[in-house]
Structure formats: structure tokens, C-alpha cells
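Every number in my numbering is 509 more than the matching position in the sequence shown, counting from 1. Taking it in order: structure first as C-alpha cells, then the write-up.
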Amino acid sequence: MASYMIRGGNRLVGDVTISGSKNAALGIIAASMLLDGPCKIDHAPNVDDINMLVEICRSMGAQIRREADGALEIDPRFVTNGETIDERSRNIRGSYYLLGAMLGRFSYASIYMPGGCNFGPRPIDLHVKGFEALGATTVFEHGRITVSAEKMHGEHIFLDTVSVGATINIMIAAAKTEGVTVIENAAREPHIVDVANFLNTMGANIRGAGTDVIRVTGVPVLPGNVSYSIIPDQIEAGTYMLAAALTRGDVTVRNIIPKHMEPLSAKLEEMGACVVSGDDSIRVFIPEDTVLQATSFRTMPYPGFPTDLQPQTTVLLCTAQGNSRMTENVWDNRFQYIDDLKIMGANILISGRLALVEGGNPLTGAKVFARDLRAGAAMVLAGLVAEGTTEVNDVSKIERGYESFVRKLQDLGADITRIDS
Ligand code: UD1
Numbered sequence: 510m511a512s513y514m515i516r517g518g519n520r521l522v523g524d525v526t527i528s529g530s531k532n533a534a535l536g537i538i539a540a541s542m543l544l545d546g547p548c549k550i551d552h553a554p555n556v557d558d559i560n561m562l563v564e565i566c567r568s569m570g571a572q573i574r575r576e577a578d579g580a581l582e583i584d585p586r587f588v589t590n591g592e593t594i595d596e597r598s599r600n601i602r603g604s605y606y607l608l609g610a611m612l613g614r615f616s617y618a619s620i621y622m623p624g625g626c627n628f629g630p631r632p633i634d635l636h637v638k639g640f641e642a643l644g645a646t647t648v649f650e651h652g653r654i655t656v657s658a659e660k661m662h663g664e665h666i667f668l669d670t671v672s673v674g675a676t677i678n679i680m681i682a683a684a685k686t687e688g689v690t691v692i693e694n695a696a697r698e699p700h701i702v703d704v705a706n707f708l709n710t711m712g713a714n715i716r717g718a719g720t721d722v723i724r725v726t727g728v729p730v731l732p733g734n735v736s737y738s739i740i741p742d743q744i745e746a747g748t749y750m751l752a753a754a755l756t757r758g759d760v761t762v763r764n765i766i767p768k769h770m771e772p773l774s775a776k777l778e779e780m781g782a783c784v785v786s787g788d789d790s791i792r793v794f795i796p797e798d799t800v801l802q803a804t805s806f807r808t809m810p811y812p813g814f815p816t817d818l819q820p821q822t823t824v825l826l827c828t829a830q831g832n833s834r835m836t837e838n839v840w841d842n843r844f845q846y847i848d849d850l851k852i853m854g855a856n857i858l859i860s861g862r863l864a865l866v867e868g869g870n871p872l873t874g875a876k877v878f879a880r881d882l883r884a885g886a887a888m889v890l891a892g893l894v895a896e897g898t899t900e901v902n903d904v905s906k907i908e909r910g911y912e913s914f915v916r917k918l919q920d921l922g923a924d925i926t927r928i929d930s
């Protein structure tokens with residue numbers, strides 16, 4: 510189990526370049542399995558979740574090569590059926606997009622139930638509801654999910670809850686399904702737009718991605734043979750913006766879409782940080798003599814405050830002046846990391862989905878765990894400002910989603926090292 514040793518107290522200063530979006534890449538790589546020709550995907554992040562999905566696609570017959578510049582050359586033509594027997598699909602969430610892709614291509618898909626971070630129950634009933642509306646039947650058996658259809662057809666689908674995964678999965682399944690599929694109450698996250706743009710570049714006809722009504726007109730062939738560049742990772746970018754504010758540093762985050770960062774930028778400014786947006790960069794710094802003030806936020810689907818920045822933002826609230834309120838509206842159980850923060854000296858009271866954060870208690874280094882991907886990042890941020898040394902264990906969870914996390918932090922001046930044990 511690898512760990513990070515962090516000696517707190519250094520201000521982060523300098524530039525950091527953001528990698529391609531992990532969550533967009535998961536959807537795009539899975540969607541590429543639907544294509545009738547090869548494609549090239551630029552800026553696919555070199556992180557464990559993506560590498561695992563690539564391995565799963567290879568196990569299905571896809572030919573995938575990673576170029577020196579990080580681009581993925583993908584040829585899905587050698588995938589001959591929708592059966593995925595690779596057990597690694599249990600380890601990541603994004604493997605569920607193979608259901609949509611294989612269903613759309615072969616009218617049959619079967620995989621082990623997807624895994625991913627543990628935030629409490631993570632149902633996939635809405636994905637299933639969408640597939641069934643398109644004509645599929647579903648069987649859950651021996652830890653696997655199998656969806657199959659005699660004939661798929663476009664349909665009107667209303668999602669009862671706004672779901673990123675279900676929106677993407679249904680969009681993928683519908684891309685080659687005859688007729689028009691309309692997804693209502695669709696999620697609007699940037700990576701949904703990215704997956705739609707990818708599919709359109711490959712020959713699909715998807716309109717409305719980024720709004721709550723997406724219209725997919727099925728096409729018989731997706732020729733591919735095109736390159737596509739993945740958008741920057743909104744959550745990685747937010748993590749560095751928070752690290753800058755937290756260490757009272759001065760960091761310019763590059764390769765970023767400032768529009769995607771607005772919910773966080775607005776909160777940081779409300780607290781007293783300076784956030785200066787350029788075309789594809791954001792500089793975060795704290796003016797001299799400014800004391801960051803407490804604030805309140807609630808996580809919501811995009812364009813609301815992202816749940817995937819909730820743990821990292823809570824760490825910042827611990828260092829602000831005054832008491833803050835944070836409400837987690839997306840996941841039932843995303844407060845597990847708070848016990849670790851308390852070990853480090855934070856004073857946080859939880860009541861249902863609400864956390865009351867008392868600011869101003871100094872954090873001190875301790876041995877803590879990465880409970881999940883973003884919670885792990887939050888522990889690293891806490892270590893950057895804690896007095897003494899913080900040991901963050903089980904960091905493979907962090908490396909599922911942050912490319913070169915240790916190196917990027919070191920380049921900004923953090924005292925952090927990775928220990929393999
Ligand atoms: C994705 C992200 C995850 C992020 C989340 C919300 C990936 C791989 N993961 O997860 O990091 O935290 O979006 O931005 O992209 N729900 C149902 N039924 C379903 C599906 C979801 O009830 O069939 C509920 C969930 O329990 C949750 C809410 O809908 O409360 C949102 O989940 P969803 O947007 O689907 O999250 P994921 O796509 O799994």
C-alpha cells in the first residue's frame with residue numbers, strides 16, 4: 510500500500526497544467542467501442558481508472574496504443590461481441606458505459622457490476638430504465654448485468670433523478686439506435702457535452718447536450734477515422750485552485766475552461782480570494798492581509814457546486830475565519846473522510862446531509878487514509894497546511910484520478926513524497 514508523506518507549511522506558487530478530464534475520458538473511450546472505424550483521442554489522462562478501462566477494452570478485442578504524447582489510438586473493429594468477462598470492470602465506475610456501447614453495437618451487453626468510489630448506494634436503475642425504454646431486457650445474475658434486445662428503437666425517456674452516468678450511457682446506446690431518442694431531465698455536466706461532441710465528431714447526431722433535453726437521432730454507421738481532444742479536468746483544476754487558496758499561495762492553473770469553474774471561483778471570491786480568469790487559465794491568490802472568511806455551499810448537479818470538490822473545499826473551510834455550512838445533496842454517504850480530518854484537529858459536526866465546519870482550528874499532521882478518490886485529495890490538501898508531517902495511506906485511490914499528483918504539487922513547492930511499501 511503506497512502512501513504520501515507531506516510536510517505542511519509551504520505556500521504553493523507557480524503554474525500547473527491540468528490533464529484531460531477523467532470522467533469525460535471514461536465515457537469517450539467506452540463510446541469509441543461503438544465505432545465502425547478507428548479514432549485518436551488526445552489528452553486521455555494517464556491515470557489508473559483510464560488505464561484499467563483501456564485494459565478491459567483490450568480484453569474485448571479492441572486494439573489500443575498509447576502514443577508518447579499521451580494520445581490513445583483506438584481501433585474497436587476487432588471487438589466481435591458484447592460479452593465483457595474481464596473482472597476489472599468491478600473496480601471502476603466508468604465500466605458501466607460499456608453496457609451502452611455494446612448494447613448500441615450488438616444489441617447485447619454483459620459485464621460484471623461496476624464498482625468505483627464508495628459514497629453509499631450507487632444504483633443504476635436509471636441506466637436500466639433507459640436501456641429498457643430502447644427495447645432491451647435486463648438480467649442481474651451471478652454479479653453480472655446483461656442487457657439484450659431483439660430490436661432497439663428510439664424512445665422518449667424521462668430521468669427521475671439527474672444522473673450523469675445514466676445520461677451518458679443512454680446517449681451512447683442511442684447513437685446507433687434507429688429512430689429518435691429524447692432524454693429529458695438530462696444531466697448537464699461538461700463531460701456530457703464532451704462525450705456528445707466526441708460522438709458527433711465520429712458521425713453521430715446528438716443535439717442539446719449541456720441542456721436538460723438531449724435529442725439523439727440514431728445513425729446506421731459511425732465511421733470514426735477522426736481525432737478528438739478531451740476537455741480539461743474540472744475537478745483536478747478545482748483541486749489545485751483550492752490548494753492555492755488553502756496554502757495562501759499564488760497559483761496559475763493552466764489548460765482550464767474558466768466557465769466550468771464558476772461555482773468554485775464564486776465561492777473562493779466570496780471567501781476573500783482573488784480569482785483572475787484568462788482565456789484558458791485561472792490565477793488564484795490571496796491578497797496580503799486578507800483573512801479568508803467562512804461561507805456556505807451545497808453540492809448540486811452542474812451548473813451547481815460539484816460534489817467531487819466537496820471534500821477538498823471542506824478542508825479550506827476548516828482554515829477560514831468563522832463557521833461554515835456545507836450540504837451534500839448528491840451522495841448519501843460522502844462524509845467518511847471527516848473522521849480523518851477530525852484526527853488532524855478539525856472541528857466538524859455532521860447532521861444528516863449537513864456538515865457544520867468550525868473554522869480557525871489549526872490542523873496538525875497525522876496518519877490518515879484516502880477513503881476514496883476525492884476524499885484522498887482532500888487529505889493531501891489538509892497535509893499541505895497541517896503543522897508537522899501527514900501520512901496519507903492507500904493513495905492508489907487518489908491515483909485513480911489525478912495524473913502526476915505528487916510531481917505537480919512538488920513543482921508548486923509542496924513538500925510531498927510517495928513511499929511504496
Ligand atoms: C458521476 C461521477 C462522480 C460524481 C457524480 C456526480 C463518473 C465516473 N463519476 O458518477 O465522480 O460524483 O457523477 O457528479 O463520472 N442515481 C440513481 N439511479 C441511477 C443513477 C444515479 O438514483 O441509476 C442517483 C445516485 O444515487 C446519486 C445521483 O443519482 O444520488 C447522481 O448520480 P450520478 O450523476 O449518476 O453519478 P455517477 O454518474 O455514478
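For each residue, glycine too, the CB sits at the ideal point set by N, CA and C. In this text, all values refer to a predicted model and were calculated from it rather than measured experimentally.
Shown here, E693 sits in a strand according to DSSP, grouped into three states. Beta-bridge partners assigned by DSSP to C548: I583.
Placement of the Cβ of H769 at a distance of 7 Å or more from every heavy atom of ligand 1 is found. Secondary structure remark: continuous beta strand (DSSP E) runs of at least 3 residues inside the stretch 589-656, in chain order: 617-621, 646-650. Here G529 has H552, A553, P554, I739 as same chain residues with Cβ atoms under 6 Å from its own Cβ, once five neighbours each way along the sequence are excluded.
For C783, DSSP records a beta bridge to F794. The nearest non-hydrogen atom of ligand 1 is less than 7 Å from the C-beta of T670. In the same chain as A754, and ignoring 5 residues on each side of it, the C-beta atoms closer than 8 Å to its own belong to L777, M780, A782, V793, I795, L801, L825, in chain order.
Beyond the five residues adjoining it in sequence on each side, L608 comes within less than 8 Å, by CB distance, of A618, I620, H636, F640, I654, V656, N678, A682 in the same chain, given in chain order. Nearest in C-alpha terms to K851, of all of P871, W840, R843, M835, is P871. Non-local C-beta neighbours of V525 in its own chain, meaning closer than 8 Å and more than five positions away in sequence, comprise Y749, V760, T761, V762, R763, K917, D920, L921, ordered along the chain. By the neighbour-count criterion, in which a residue is buried when 16 or more other Cβ atoms sit within 10 angstroms of its Cβ, I594 is exposed.
Relative to ligand 1, the beta carbon of A695 is positioned no closer than 7 Å to any heavy atom.
In the displayed model, N838 falls within coil according to three-state DSSP, outside both helix and strand. M711 carries a coil assignment under DSSP once its states are collapsed to helix, strand and coil. Contact between A684 and G727 holds: their C-beta atoms lie close to 7 Å from each other, under 8 Å. CA-to-CA, the gap between A642 and A539 works out to about 21 Å. By a beta-carbon distance limit of 8 Å, Q821 does not contact A746. Their separation comes to about 11 Å.
R574 is classed as exposed because its beta carbon has fewer than 16 other beta carbons within 10 Å across all chains shown.
In the structure shown, D924 adopts extended strand secondary structure according to DSSP, grouped into three states.
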